[in-house]
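Numbering-wise, the sequence shown is residues 654 to 808 according to this note's numbering. A short write-up of the structure that comes next.
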Amino acid sequence: MIKSDFTFARCVCKKQFALKRILLHTGTIRQDEDTDTRENVLNDAEKERRIFMKKINVLLVCGSGASSGFMAANMRKAAARQKMELEVKARSESEIENYIDEIDALMIGPHLAYLADELKEDYGDYDVKFILMKSEYYAALDGEKAIAHLLEEMN
């Protein structure tokens, strides 16, 4: 379990036990009815995290595939640090049709913003999330912020 998952599990655990204390205090439940342990709550949080963390296939596109290649490498490194299942490929925008069936998200370089509507029109029938990358993290090749943006858009 990575640190953020542990923090999430601990938060869930604290909320669960706070609720239990209220229920005990108000007489809604008796002490002998308690079947949840701290370990059960932590295990439930881990199960919940696994449900939401399916592998995400992403295609990054730019004009020639060069700058998106650097961003893809940084996103893969960031995903590995976060123990995330993320497959990121970088290609030229002319190669989208070769990968559109395999991806969950299409991240478009900010310099291709003028193509975003056209791409949505051409490939809108596919079950793919179209995401226009932000200049602030793209220019810095910040893989962590790109992943955060991806996850925000996917939810």
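All residues carry an ideal CB built from backbone N, CA and C; glycine is no exception. Since we're looking at a predicted model, the values are computed, not measured.
- Per DSSP, the continuous beta strand (DSSP E) segment holding L712 begins and ends at I709 to C715.
- In the DSSP assignment, K782 falls within the beta strand (DSSP E) that extends over K782 to L785.
- The residue from S747, A726 and L804 with its alpha-carbon nearest to that of L768 is S747.
- I749 places its beta carbon less than 8 angstroms from that of L712.
- With fewer than three CB-CB distances shorter than 8 angstroms, the segment 770-783 does not count as touching the segment 722-732.
- Taking C-beta separations shorter than 8 angstroms and ignoring five residues to either side along the sequence, the partners of S717 in its chain run S745, following chain order.
- Put simply, the backbone Cα of A793 is about 18 angstroms away from that of A766.
- Under DSSP, A758 shares a beta bridge with V711 and K782.
- Where A743 is concerned, the enclosing beta strand (DSSP E) starts and stops at L739 to S745.
- Collapsing the DSSP output to three states places A793 in coil.
- I749: member of the alpha helix (DSSP H) spanning I749 to Y752, first to last residue.
- The shortest CA-to-CA distance from K708 to any of V741, L785 and C715 is the one to V741.
- Within the same chain, and ignoring the five residues on either side of Y791 in sequence, the residues whose Cβ sits closer than 6 angstroms to its Cβ are P763.
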